[in-house]
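Residue numbers (this note's numbering): 1069 to 1301.
Here you go:
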């Protein structure tokens, strides 16, 4: 059995976010992110004894790393390439959450639903969350927006905007027609707005911010489909 982790472009993009001269594997957050990518590759691998063994090993790794780092990244979550997590501890991501490419999280961040089984957030490309920010329910954070530390987001945040407070309020919006506004508007038109009726579940197959940011349209496929960096078992 051969793990082709070195060929996984999503993991390569995660590592690249740290830049030259850094040793990202010294960052506890990267342990959790690697285990997440590994779990995705396992589920995309052909069924068989090898896959079953890898799934058991992934469950063990996930439990150990989640306990050590305080970072919960379930493999059911859809995360685009180039995720960066500063620091560690108290980071919880609901399995139904969708995270675009090039996003940034910090310690204490929670991404989840407001009621059990309810809709979860969608983060478009390049979203940045401050320490202890909470994004709850079926809200969409537009491409390139920023959420301040300790903010609680309960409504959509426009692309390029800055949101702070509890509940979060919009302090700044990207000018109409700006690159980030135009790109995010195109993505919305192509994929449809999330949670328009307030009761929609998170879209598992949607690519948020597909025309925005340097990673353009790079969300991983669902776990039961084929995916880059798959296992050879």
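Yeah, the Cβ is synthetic: ideal placement off N, Cα and C, and Gly gets one too.
Residue 1131 burial status per 10 Å Cβ neighbour count (16 or more: buried) | The residue labelled residue 1131 in the question sits at position 63 within the chain shown. Residue 1131 is exposed by the Cβ-count criterion.
What residues in its chain sit with their C-beta under 6 Å from that of residue 1080, if we drop five residues either side in the sequence?
-> Numbered from 1 along the chain shown, position 12 holds the residue referred to as residue 1080. Excluding positions up to five away in sequence, the list is empty.
Report the rounded CA-to-CA distance for residue 1107 versus residue 1117, giving the unit in angstroms.
-> Reading the chain shown from its first residue, position 39 is the one you call residue 1107. Reading the chain shown from its first residue, position 49 is the one you call residue 1117. Each residue's alpha carbon lies about 16 Å from the other.
Alpha carbon of residue 1207 to alpha carbon of residue 1237, nearest angstrom | As a working mapping, residue 1207 is identified with position 139 in the chain shown. As a working mapping, residue 1237 is identified with position 169 in the chain shown. For residue 1207 and residue 1237, the distance between alpha carbons rounds to 14 Å.
Going along the chain, which unbroken runs of the beta strand (DSSP E) with 3 or more residues stay wholly within the region 1202-1240?
-> 1202-1204, 1230-1233, 1236-1240
What residues in its chain sit with their C-beta under 7 Å from that of residue 1178, if we drop five residues either side in the sequence?
-> As a position in the chain shown, residue 1178 is number 110, starting the count at 1. The residues are 1160, 1202.
Cβ shell of residue 1176 (< 6 Å), same chain only, five flanking positions each side left out = In the chain shown, the residue the question calls residue 1176 occupies position 108. Excluding sequence neighbours, residue 1176 sits near 1158, 1199, 1200.
So what does residue 1146 bridge to, in DSSP terms?
-> Stepping through the chain shown from its first residue, residue 1146 is reached at position 78. For residue 1146, which the question treats as bridged, DSSP gives the partners 1166.
In DSSP terms, what residue 1102 is bridged to = As a working note, residue 1102 is residue 34 in the chain shown. Answer is none; residue 1102 lacks a bridge partner.
Pull up the CB-CB distance for residue 1213 and residue 1228, whole angstroms please, since I reckon it's below 8 Å.
-> By one-based count along the chain shown, residue 1213 stands at place 145. By one-based count along the chain shown, residue 1228 stands at place 160. So it is a contact: roughly 6 Å between Cβ atoms.
My guess is that residue 1220 and residue 1235 are in contact by the Cβ rule of under 8 Å, so how many angstroms apart are they, rounded?
-> Counting from one through the chain shown, the residue named residue 1220 turns up at place 152. Counting from one through the chain shown, the residue named residue 1235 turns up at place 167. Correct: roughly 5 Å between the Cβ atoms.
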